[in-house]
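Student: Have a look at the structure that comes next, please.
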Amino acid sequence: TNMPGAVPHTSTLAYVASVLPYVTALANLGVEGAMAADRGLAAALTTYRGQMTNEVIAHAVEMKAAANPFL
Numbered sequence: 213t214n215m216p217g218a219v220p221h222t223s224t225l226a227y228v229a230s231v232l233p234y235v236t237a238l239a240n241l242g243v244e245g246a247m248a249a250d251r252g253l254a255a256a257l258t259t260y261r262g263q264m265t266n267e268v269i270a271h272a273v274e275m276k277a278a279a280n281p282f283l
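Under our numbering, think of the first position of the sequence shown as 213, with each following residue one higher.
Set out below in structure tokens:
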């Protein structure tokens, strides 16, 4: 189903509701604090300080992945 196309206002509200806690944590705690406080957010980290931290993406672009310091 194409929710954004069918009900754009509702889909925007749903998107904002799902993303807002992460944006708020990043704003209030900074990157390091937010990552340390939320393992799910930390698991979504793909790059950090110039290093690729996601092994799947690193492999796809033929780079070596560094360890994610928050996991």
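Don't be surprised by glycine CBs; every beta carbon is placed ideally from N, CA and C.
With H, G and I counted as helix, E and B as strand and the rest as coil, what does DSSP make of Met-247?
Tutor: Walking along the sequence shown from the start, residue 247 turns up at place 35. Met-247 falls in the helix class under three-state DSSP.
Student: Roughly how many angstroms separate the alpha carbons of Ala-237 and Ala-255, rounded to a whole number?
Tutor: Looking up residue 237 in the sequence shown gives position 25. Looking up residue 255 in the sequence shown gives position 43. Looking at the two C-alpha atoms, the distance is approximately 15 Å.
Student: Hey, how far is the Cα of Glu-274 from the Cα of Pro-233?
Tutor: Residue 274 sits at position 62 when you count from the first residue of the sequence shown. Residue 233 sits at position 21 when you count from the first residue of the sequence shown. Computed Cα separation, rounded: 33 Å.
Student: Taking only runs of the beta strand (DSSP E) that begin and end inside the segment 216-260, which ones reach a length of at least 3 residues, in chain order?
Tutor: None, since the segment 216-260 contains no complete beta strand (DSSP E) of that length.
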